[in-house]
Amino acid sequence: MSKRERIEKGKEELDISGSKTIGERIKEKTPWLFGSKLRKPKISYPKVAGRRIVLPTPSKTFGLILIYAILFILQVGVVYLLYRETPALGADSAGDPIFLYPSIQESFIVEGIVASILLFVSSTGFLLLYQASKYSYNRNLALRILVIGFILIISAFISLQYMLTVKLGKTAWWEL
193 MSKRERIEKG KEELDISGSK TIGERIKEKT PWLFGSKLRK PKISYPKVAG RRIVLPTPSK
253 TFGLILIYAI LFILQVGVVY LLYRETPALG ADSAGDPIFL YPSIQESFIV EGIVASILLF
313 VSSTGFLLLY QASKYSYNRN LALRILVIGF ILIISAFISL QYMLTVKLGK TAWWEL
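When you read off a place in the sequence shown, starting at 1, and then add 192, the result is the number in my numbering.
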């Protein structure tokens, strides 16, 4: 048995049904247009194995912290600080400090920060609701995490509604 026959036999043995790629199948079925006078070129590109920088992939926690930081910066209203100069804190006619701007379209910097923190607390509550589903085998732990998540969500919602009530000058939040 010649060397060529052994190579062909080895190829036949290694061929697994369905292992050919679409490109290989198209090459086999595509006819050579120029007949036998011109040979079909066989191009093999060199495999360049250069050095690559191997960096550790960041954890999901790092990605979540990064997303929270970006959302916090956007929610505080840093974008609006660039366009117009918003006061950090205000005062009424008697000189007493006020924390909520009387108009619904504008806000003080402190008000934006507080609202952003409350939205952060609310989203943390939703994350805790998600985490509670992971501890279904330990019912007590899952229930504790679930209750803490609900408390965070409800408290943030009530606080934001109260801020809107005071901002609009209403007496009760359900009158909004």
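For each residue, glycine too, the CB sits at the ideal point set by N, CA and C. This structure is a prediction, so every number in the text was calculated from the model and none was measured.
Here DSSP, grouped into helix, strand and coil, assigns I290 to strand. One Cα belongs to F264, the other to Y275, and the distance between them is close to 18 Å.
Contact between F349 and S308 does not hold, since the beta-carbon distance rounds to 15 Å and is not under 8 Å.
The region 283-300 and the region 326-344 do not touch, with fewer than 3 CB-CB distances between them shorter than 8 Å. Judged by DSSP secondary structure, F300 falls outside any alpha helix (DSSP H); it is assigned neither H nor E.
Here V240 is exposed. Its C-beta has fewer than 16 other C-beta atoms within 10 Å.
G341 is the residue among F312, G341, Q267, V246 whose C-alpha sits nearest the C-alpha of A324. In the three-state reduction of the DSSP assignment, A283 falls in the strand class, which pools E and B. Counting the other Cβ atoms within 10 Å of the Cβ of G361 gives fewer than 16, which makes it exposed.
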